[in-house]
Amino acid sequence: MDIKRAKIRDLRNALDNKEISAAELCGEYFKRIEAVDPQLLSYITVTKDKAMKDAENAQKIIDAGKSAPLTGIPLAVKDNICIDGVKTTCASKMLENFIPPYNATVIDKLNEQGYVLLGRASMDEFAMGGSTQTSAFAKTKNPYDLESVPGGSSGGSAAAVGASLAPAALGSDTGGSIRQPSSFCGVTGIKPTYGRVSRYGLVAFASSLDQIGPICNDARDCAIMLNAICGHDRHDATSANVDTPDFTEKLGQPINGLKIALPKEFFSDAVDETVKSCVLDAAKELEKRGAALVDCSMPGLKYAIPAYYLIACAEAASNLSRFDGIKYGFRGEGRTFEELIRDSRSRGFGEEVKRRILLGNYALSSGYYDAYYKKALALKQEIIKEYNDIFEIADVILTPTAPTPAYKIGAQDNDPVKMYQADICTVTVNIAKLPGISTTCGYTADDGLPIGMSIIGKRFDEQTILQVADAFEQGFMTIAPKL
Amino acid sequence: MSAYFPTMGLEIHAELLTKSKVFCTCSAEFGGTPNSRCCPVCSGLPGTLPVLNQKAVEYIIKAGYVMNCDISRFTKWDRKNYFYPDLPKAYQISQMPRPVCLSGTVNINVNGVDKIIRINRIHLEEDAGKLVHDDVNRISLADYNRCGVPLIEIVTEPDFHSADEVIAFIEKIKLLLQYAGICDCKMEQGSIRCDVNISIAPKGSTELGTRTELKNLNSLKAIARAIEVEIERQEELLENGERVIQQTRRFNEQLGETTAMRSKEDAHDYRYFPDPDIPPIIFTEEELEAIKSSIPELPEQRVERYVNEYGIKKADADIIVGNKTICDFFDAAISEYNNPKAVANYIIGELMNRINRGEADMENLKFGGAKFAQLVEFMQTDKISQANAKTILREMIENGGSPKDIADRDDLWIKEDNDLLAKVVDEIIANNPKPVEQYKNGDQKVFGFFMGQANKALKGAASPKAIQEYIRKKLGE
Numbered sequence: 001m002d003i004k005r006a007k008i009r010d011l012r013n014a015l016d017n018k019e020i021s022a023a024e025l026c027g028e029y030f031k032r033i034e035a036v037d038p039q040l041l042s043y044i045t046v047t048k049d050k051a052m053k054d055a056e057n058a059q060k061i062i063d064a065g066k067s068a069p070l071t072g073i074p075l076a077v078k079d080n081i082c083i084d085g086v087k088t089t090c091a092s093k094m095l096e097n098f099i100p101p102y103n104a105t106v107i108d109k110l111n112e113q114g115y116v117l118l119g120r121a122s123m124d125e126f127a128m129g130g131s132t133q134t135s136a137f138a139k140t141k142n143p144y145d146l147e148s149v150p151g152g153s154s155g156g157s158a159a160a161v162g163a164s165l166a167p168a169a170l171g172s173d174t175g176g177s178i179r180q181p182s183s184f185c186g187v188t189g190i191k192p193t194y195g196r197v198s199r200y201g202l203v204a205f206a207s208s209l210d211q212i213g214p215i216c217n218d219a220r221d222c223a224i225m226l227n228a229i230c231g232h233d234r235h236d237a238t239s240a241n242v243d244t245p246d247f248t249e250k251l252g253q254p255i256n257g258l259k260i261a262l263p264k265e266f267f268s269d270a271v272d273e274t275v276k277s278c279v280l281d282a283a284k285e286l287e288k289r290g291a292a293l294v295d296c297s298m299p300g301l302k303y304a305i306p307a308y309y310l311i312a313c314a315e316a317a318s319n320l321s322r323f324d325g326i327k328y329g330f331r332g333e334g335r336t337f338e339e340l341i342r343d344s345r346s347r348g349f350g351e352e353v354k355r356r357i358l359l360g361n362y363a364l365s366s367g368y369y370d371a372y373y374k375k376a377l378a379l380k381q382e383i384i385k386e387y388n389d390i391f392e393i394a395d396v397i398l399t400p401t402a403p404t405p406a407y408k409i410g411a412q413d414n415d416p417v418k419m420y421q422a423d424i425c426t427v428t429v430n431i432a433k434l435p436g437i438s439t440t441c442g443y444t445a446d447d448g449l450p451i452g453m454s455i456i457g458k459r460f461d462e463q464t465i466l467q468v469a470d471a472f473e474q475g476f477m478t479i480a481p482k483l
Numbered sequence: 001m002s003a004y005f006p007t008m009g010l011e012i013h014a015e016l017l018t019k020s021k022v023f024c025t026c027s028a029e030f031g032g033t034p035n036s037r038c039c040p041v042c043s044g045l046p047g048t049l050p051v052l053n054q055k056a057v058e059y060i061i062k063a064g065y066v067m068n069c070d071i072s073r074f075t076k077w078d079r080k081n082y083f084y085p086d087l088p089k090a091y092q093i094s095q096m097p098r099p100v101c102l103s104g105t106v107n108i109n110v111n112g113v114d115k116i117i118r119i120n121r122i123h124l125e126e127d128a129g130k131l132v133h134d135d136v137n138r139i140s141l142a143d144y145n146r147c148g149v150p151l152i153e154i155v156t157e158p159d160f161h162s163a164d165e166v167i168a169f170i171e172k173i174k175l176l177l178q179y180a181g182i183c184d185c186k187m188e189q190g191s192i193r194c195d196v197n198i199s200i201a202p203k204g205s206t207e208l209g210t211r212t213e214l215k216n217l218n219s220l221k222a223i224a225r226a227i228e229v230e231i232e233r234q235e236e237l238l239e240n241g242e243r244v245i246q247q248t249r250r251f252n253e254q255l256g257e258t259t260a261m262r263s264k265e266d267a268h269d270y271r272y273f274p275d276p277d278i279p280p281i282i283f284t285e286e287e288l289e290a291i292k293s294s295i296p297e298l299p300e301q302r303v304e305r306y307v308n309e310y311g312i313k314k315a316d317a318d319i320i321v322g323n324k325t326i327c328d329f330f331d332a333a334i335s336e337y338n339n340p341k342a343v344a345n346y347i348i349g350e351l352m353n354r355i356n357r358g359e360a361d362m363e364n365l366k367f368g369g370a371k372f373a374q375l376v377e378f379m380q381t382d383k384i385s386q387a388n389a390k391t392i393l394r395e396m397i398e399n400g401g402s403p404k405d406i407a408d409r410d411d412l413w414i415k416e417d418n419d420l421l422a423k424v425v426d427e428i429i430a431n432n433p434k435p436v437e438q439y440k441n442g443d444q445k446v447f448g449f450f451m452g453q454a455n456k457a458l459k460g461a462a463s464p465k466a467i468q469e470y471i472r473k474k475l476g477e
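Protein chains in written order, with my numbering: chain Z, 1 to 483; chain L, 1 to 477.
Here is the structure:
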């Protein structure tokens, strides 16, 4: 069976029709992982033994005719989502040997359907970064160009799906970490509304922004994954107590009359011409299918990066304080506990993580709190208001996912501020707790690198952004990487 | 006479009596094998999330009501960030700008004088774990059983000017929390702990002096002593022309002195910010009203009821209500034998007497109120003499058991043996012609002498009433 860019639906049919067994299917993926991943480095850990057991279990369900949509479907899971008994490293030396004794709620939900775990996808250390080059264990490459970054922080998940080393994967998104790598790797990824998916078991980066979501080959597969992982969870007080709709429901429905807003600030000079024109072409394509394009403005966007980094780093500084070498994880040396904590953290964390911890602690320090953190919270309210205003006149918003296609490894290494500014198209969605989906809308003429566009929806309206993304995808020819 | 007067404010931490911890479902009970009462959430494993225990919220609201506080309609939680090995998340979930309770009052009475102490705020937070230091092997071990036990922190205004006021206040708070079912207030187990902020200023001064904060105060005795020595220390500094430095000081009970722990300069910057994992709470009037109406009878109301309904003297009611264990014991006793006055008298006259002498421990009594009440009833109905009742009570204190079984076993019932009574009293009268003469000449006081002699000789074989009647009859002949 050819698993290149195989959809979850296709695999479902093949499994249910007994064209292939669950064990054979994950065997196919392992074959490809063994062939391709030594170059791509999308996985930190490959869980072959567990996968075989998972597959055996899944096969029983399939044979009993009781398949759920994900029964026997092999998946990659970002290495910051806890799986009972499976190493969960967050791509950090700090958690190199950390094996959680519990499952994230999303893993429990996937287990209910009998999914098969292929392995743990690489990421930027503690999800901090947009290139997966801060991973302590697997600096993932872009499947379309091994010299370019796959994006990040869920770069391992996106590259694995893009290179067909998994039909779908779980990622997490704090400021674009699902959408941006999806765009770089030519796949589709959705960040659900904040509160839609339980965060229990997701190692926290910035708790008010983090959200787990799927990275798949298309919007339809994303809908299938969302159906599996969404829902209220009593273990997460921030998970929303709202009904979970069938996310596949609106797929294929015409988009006639749907209003799509294009806030002009997202198409400024900060965005590459190629990207801009590609996304605008896609907008016209959607217009042809009956959607109405609406011009609008989002003046607060210019404050988005500072606001985002202040909030995210403040929360991260606090969230990552627990890694002190006392209870688990990397332990340094020292005669007193202060020395022990200092050495553990100095050597256990990478540079980018330490930079953000410093930034966050600085922003929360007495004397600076009002000038930084409090101001960031005010900007957050402003951004929320501006989104609300746009949604008064439009159903969804269309933007580029990233200002550029994938860039060369090392190109942004010495300029953290430039690196942070590259998140400009994605961070406001997290700040405003909205759902956003990235799908491929073209490829660069010279290198054939994918270009992504993002569709942003109202809170808890994943259905409409899936519908729009799917409408576009139905008329778009994706190009798989040669790898 | 000192030229200074002290001013103090308190921070009291009280552990709530909820079954489970404040952010997970682990048991919040005291003790247990180290690290047997913790889970991924309270031991701060990555990815875990806190979920607020609604019972703990209910308890702090009750605490607010019993201390006459305003209850915030909107309340939220903050993170207090600092590194310490007993704090597994490296932040404590607490409340900074929006505590559940604000500005209350508590009445105290010190040496007969009433005083109002103002409460600044009460907030809900989580307790930390415990470190055990092994000096021999030079290692420290962490026990996370206490991590996440719900705590309320009660912060008073600087309204205290003597150790007596402080002690009276803590005793009052203990009673309020115990009667409202909020905290068991066992100081020795650390379920209630108190830090004292203390400063002195020249008499007549309107400004407060520089304060120090006293920690590690494990008993009321230690608090009183620590206040005393800290006032002395500060006075000495000022007398010598030196200054008091704002710092945290630890009280060493053995040495009877306070020593500096850390000064203001190296105080932590806790970098408080709103906890993004716990949504704020908005209370409705109905919710608050339901919680308020579920508060059980408080000490003052109970004293009033004992006086008005049971006819117990106010002073006696104060004594019984002043100790929740004794009060519960009293309630159990009177539900067995409905004679509150007799039960109260015997508790105060006999039982508490023995407790005060150290013969019995109220917290570990081997019998309950019901058994005690049976004993009082036997005495009141002339089934057992007072002397034998004391013997039985001593036996119950030592070995437990029921008064009936002990009386049966040791033959302590009043037998109303009239023949023996006549024989004994006749003998006494025959042997004491002088007092008999006195009585006949109108000296009623000697009657007691005859009663005493008879009681002694009869050893409870006859009831006091029968003895009295017989003596009166014989002397009247």
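C-beta: ideal position from N, C-alpha, C; glycine also.
Nothing here was measured: the structure is a model prediction, and the numbers come from that model.
For residue i, three-class secondary structure by DSSP
{"i": "CYS82 of chain Z", "result": "coil"}
{"i": "PHE83 of chain L", "result": "coil"}
{"i": "THR75 of chain L", "result": "strand"}
{"i": "ALA314 of chain Z", "result": "helix"}
{"i": "ARG120 of chain Z", "result": "strand"}
{"i": "LYS408 of chain Z", "result": "strand"}
{"i": "SER157 of chain Z", "result": "helix"}
{"i": "ARG250 of chain L", "result": "strand"}
{"i": "GLU416 of chain L", "result": "coil"}
{"i": "ARG118 of chain L", "result": "strand"}
{"i": "PRO435 of chain L", "result": "helix"}
{"i": "SER135 of chain Z", "result": "coil"}
Own chain, CB closer than 7 Å to residue i, minus 5 neighbours either side, in chain order
{"i": "ARG289 of chain Z", "result": "ILE255, ALA471"}
{"i": "GLY181 of chain L", "result": "LEU17, PRO296"}
{"i": "ALA224 of chain L", "result": "ALA163, ILE167"}
Chain-ordered chain L contacts of residue i [CB-CB under 7 Å]
{"i": "ILE341 of chain Z", "result": "PHE83"}
{"i": "HIS235 of chain Z", "result": "LEU49, VAL51"}
{"i": "ALA314 of chain Z", "result": "PHE273"}
With 16 other Cβ atoms within 10 Å as the buried cut-off, status of residue i
{"i": "MET477 of chain Z", "result": "exposed"}
{"i": "GLU509 of chain Z", "result": "For residue 509 of chain Z there is no data in the structure shown, the boundaries of chain Z being 1 and 483."}
{"i": "GLY452 of chain L", "result": "exposed"}
{"i": "LEU75 of chain Z", "result": "buried"}
{"i": "HIS123 of chain L", "result": "buried"}
Sequence-distant residues of the same chain with beta carbon closer than 8 Å to residue i, five excluded per side
{"i": "LYS474 of chain L", "result": "VAL425, ASP426, ILE429"}
Neighbourhood of residue i by C-beta, 6 Å cutoff - its chain only, sequence neighbours within 5 removed
{"i": "ILE281 of chain L", "result": "THR75"}
{"i": "LEU226 of chain Z", "result": "PHE247"}
{"i": "ASN479 of chain L", "result": "Outside the displayed span of chain L (1 to 477) sits residue 479 of chain L, for which this structure offers no information."}
{"i": "PHE30 of chain L", "result": "GLN189"}
Per-residue contacts from residue i into chain Z (C-beta, under 9 Å)
{"i": "GLY47 of chain L", "result": "ASN80, ILE81, CYS82, THR88, PRO100, TYR102, ALA104, ARG199, TYR200, GLY201, LEU202, VAL203, ALA204"}
{"i": "GLY44 of chain L", "result": "ARG322, LYS327"}
{"i": "LYS89 of chain L", "result": "SER318, ASN319, SER321, ARG322"}
Under 7 Å by beta carbon: chain Z residues contacting residue i
{"i": "ARG478 of chain L", "result": "No answer is possible for residue 478 of chain L: it lies beyond the span of chain L, which begins at 1 and ends at 477."}
{"i": "PRO280 of chain L", "result": "Those within 7 Å of PRO280 of chain L in chain Z number zero; the least Cβ separation is about 11 Å."}
Per-residue contacts from residue i into chain L (C-beta, under 8 Å)
{"i": "ASP564 of chain Z", "result": "Lying outside 1 to 483, the shown extent of chain Z, residue 564 of chain Z is not represented and no answer is given."}
**Asked** What alpha helix (DSSP H) runs, 4 residues minimum, are completely inside the segment 257-337 of chain Z?
**Response** Complete alpha helix (DSSP H) runs here, min 4: 273-288, 304-319.
**Item:** Contiguous alpha helix (DSSP H) assignments of at least 4 residues, all confined to the segment 437-475 of chain Z
**Value:** As far as the segment 437-475 of chain Z is concerned, its whole alpha helix (DSSP H) runs of at least 4 residues are 462-474.
**Request:** Report the residue ranges of all alpha helix (DSSP H) runs contained in full by the segment 303-360 of chain L; include only those spanning at least 4 residues, in chain order.
**Result:** The qualifying runs are 314-321, 324-336, 340-346, 352-356.
**Message:** Please give me, in chain order, every unbroken run of the beta strand (DSSP E) with length at least 3 that falls completely inside the segment 126-199 of chain L.
**Reply:** If we require 3 residues or more, the beta strand (DSSP E) runs fully inside the segment 126-199 of chain L come out as 130-134, 139-143, 150-156.
**Ranges of the beta strand (DSSP E) found wholly within the segment 371-433 of chain Z, counting only runs of at least 3** = With a minimum length of 3 residues, the continuous beta strand (DSSP E) runs that stay inside the segment 371-433 of chain Z are 396-400.
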